[in-house]
Amino acid sequence: MVDVRPYTVILDGKKLDEFCPKFLWSLADGSDFNGCLFDDFCDFDILVESADYSIWKFIQTRFKSFPFTVIVDIEVEKESSFHVYLFKDLKEVLVEYDVPHDAKSVRCAISVESACDITVIVDVVDMLDDTDVSVIQSLNIVDDTGSLPILSKELSQPELDPPPTTILTFTSDNRAMIEADETYTGDAEVLAYVRLRSRKVPQVGKQAFSALKRHPHSVFYDITRLLATDFDPNYPHPMWSFKTTRGGDGKVVIHGGGNIKTTPIVLFGLVVNSTLLYIKEHIESDVTTLGIQLPLGCAISDDDLMAISEKIGVELVIC
1 MVDVRPYTVI
11 LDGKKLDEFC
21 PKFLWSLADG
31 SDFNGCLFDD
41 FCDFDILVES
51 ADYSIWKFIQ
61 TRFKSFPFTV
71 IVDIEVEKES
81 SFHVYLFKDL
91 KEVLVEYDVP
101 HDAKSVRCAI
111 SVESACDITV
121 IVDVVDMLDD
131 TDVSVIQSLN
141 IVDDTGSLPI
151 LSKELSQPEL
161 DPPPTTILTF
171 TSDNRAMIEA
181 DETYTGDAEV
191 LAYVRLRSRK
201 VPQVGKQAFS
211 ALKRHPHSVF
221 YDITRLLATD
231 FDPNYPHPMW
241 SFKTTRGGDG
251 KVVIHGGGNI
261 KTTPIVLFGL
271 VVNSTLLYIK
281 EHIESDVTTL
291 GIQLPLGCAI
301 SDDDLMAISE
311 KIGVELVIC
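End of the sequence shown = 319 in full-length UniProt numbering, gap-free, step of one.
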């Protein structure tokens with residue numbers, strides 16, 4: 001949804017006839033008129049609403065600096081549809097979403113690059129109980145295929161001495177939370193989305209997320225689910241545009257558009273490497289060790305962890 005409303009122009013007391021030539025030149029040469037041409041913050045909020053108001057979520061985004069992303073989960077078990085609105089003085093429809101009949105909850109991810117560049121992605125994150133039960137009953141025990149055993153809480157969170165000061169926590173809603181020392185000035189989280197195309201450099205984070213709407217078959221996510229030891233590739237999420245199989249070595253293989261094939265550990269490594277580079281750009285201290293936190297039930301082998309560590313030049317430790 002493209003917002004074609006005009007930007008707020010800050011004239012700073014200048015006469016219009018003095019401003020217009022500079023404005024037109026700024027369009028031609030890509031300048032920003034001394035940083036005072038457009039508002040660099042959001043002047044609207046987001047509203048999620050159904051026709052009977054049984055769904056009503058007000059998301060306060062006004063005065064947030066561009067760009068930003070907000071994620072909200074919505075219970076939709078008894079709903080047939082809802083709208084996502086841009087809310088300023090009036091409501092303006094961004095997305096009308098028809099709820100699948102077996103959906104229990106959905107997740108709205110709203111990426112705002114500017115007042116005229118807003119992307120809304122809605123994915124089902126939970127199905128009704130009868131659907132879940134049928135899938136769970138069909139799952140095979142995969143220990144005999146070479147998959148890693150499920151880590152207990154004690155094993156998945158070993159004691160480290162000293163503990164790493166920089167920690168990357170992967171969440172089940174496609175975010176990577178950044179914890180660092182007081183010299184870090186970057187964002188507290190990044191998006192864990194990866195876009196892969198033949199003979200092109202991978203895109204990670206917001207770029208990949210922004211491509212999800214138009215190029216869904218090239219974007220991969222739900223990395224923590226793909227790393228889960230109880231994940232059965234024969235029963236992928238119904239909303240995924242990519243497919244999953246199990247290779248001859250027992251490991252999960254992910255299939256995207258354009259004959260792209262990858263694995264969960266490759267996607268994990270791309271997100272870690274991209275986020276590490278971002279952290280290094282916004283921190284004064286050296287990062288020699290990066291702690292990794294995963295949801296319970298996820299597992300990465302020591303060999304895979306060591307291979308990624310060698311490629312990115314920083315020791316990775318599960319904490």
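Idealized CB from N, CA, C, for every residue including glycine.
Item, Value
"Span separating the alpha-carbon of F44 from that of L212", "24 Å"
"The stretch 214 to 227 touching the stretch 284 to 292, judged by at least three CB pairs closer than 8 Å", "no"
"Selection from L196, K311 and E79 that minimises the alpha carbon distance to residue 325", "Within the shown structure, residues of the chain are numbered from 1 to 319, placing residue 325 beyond reach of any answer."
"Assigned secondary structure, residue 371 (DSSP; H/G/I helix, E/B strand, else coil)", "Residue coverage of the chain in this structure runs from 1 to 319, which leaves residue 371 outside it and unanswerable."
"Helix, strand or coil at A208 [DSSP, three-state]", "helix"
"Three CB pairs or more closer than 8 Å across the stretch 45 to 55 and the stretch 77 to 89", "yes"
"Straight-line Cα distance separating M177 from A188", "6 Å"
"Start and end residues, beta strand (DSSP E) containing L168", "I167 to F170"
"Three-state secondary structure assigned by DSSP to S285", "coil"
"Spatially closest choice to S198 from I260, D181 and K64, by CA coordinates", "I260"
"Proximity winner among V272, I74, C116 and R175, relative to F41 (alpha-carbon distances)", "C116"
"Pairwise C-alpha distance: S111 and M1", "Per-residue confidence for M1 stands at a pLDDT of 45, beneath the threshold of 50, marking its modelled position as unreliable; no derived number is given."
"Given A299 as reference, the closest of V271, Y193, E77 and I223 once Cα atoms are compared", "I223"
"Per-residue DSSP class, three states only, for I279", "helix"
"S105 to S80 span [Cα, whole Å]", "12 Å"
"Helix, strand or coil at D98 according to DSSP, with G and I counted as helix", "strand"
"Which of helix, strand or coil DSSP assigns to A109", "strand"
"Rounded separation between E92 and E284 - CA only", "43 Å"
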